[in-house]
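Numbering (this note's numbering), first residue to last: 374 to 438.
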């Protein structure tokens with residue numbers, strides 16, 4: 374594994390991006406690697422804070438309807 378992060382034991386497969394967490398959250402701008410907030414891995418392999426994702430998703434849903 375070259376993504377340099379701890380993953381849940383139940384996660385058997387993921388799209389590994391080398392040092393993927395050593396970047397900022399695209400929503401709030403906080404550095405993900407040292408963040409104490411939960412991080413979500415997207416199907417595309419990118420990462421962002423779980424709460425940031427939830428806020429973004431709720432705004433997209435509101436915008437669509």
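Think of the CB as a built atom: it goes at the ideal place given N, C-alpha and C, for glycine as much as any other residue.
Inset, instruction - Given a cut-off of 7 Å, decide if residue 419 and residue 398 are closer than it, judged by their beta-carbon atoms. - result: As a working note, residue 398 is residue 25 in the chain shown. As a working note, residue 419 is residue 46 in the chain shown. Their beta carbons are not under 7 Å apart, which means residue 398 does not touch residue 419 by this criterion.
Legend entry - residue 395 versus residue 407: straight-line alpha-carbon distance, rounded: Indexing the chain shown from 1 puts residue 395 at position 22. Indexing the chain shown from 1 puts residue 407 at position 34. Each residue's Cα considered, the two are about 8 Å apart.
Inset, instruction - Count the other C-beta atoms from every protein chain shown that fall within 10 angstroms of the C-beta of residue 415, then say buried if there are 16 or more, exposed otherwise. - result: Taking the chain shown and counting its residues from 1, one reaches residue 415 at position 42. Under this definition residue 415 is an exposed residue.
Legend entry - Inter-residue spacing [alpha-carbon to alpha-carbon] between residue 402 and residue 413: Within the chain shown, the letter at position 29 stands for residue 402. Within the chain shown, the letter at position 40 stands for residue 413. For the pair residue 402 and residue 413, the Cα-to-Cα distance works out to about 15 Å.
Legend entry - Alpha carbon of residue 432 to alpha carbon of residue 424, nearest angstrom: Working through the chain shown from its first residue, we reach residue 432 at position 59. Working through the chain shown from its first residue, we reach residue 424 at position 51. Residue 432 and residue 424: Cα-Cα distance of roughly 12 Å.
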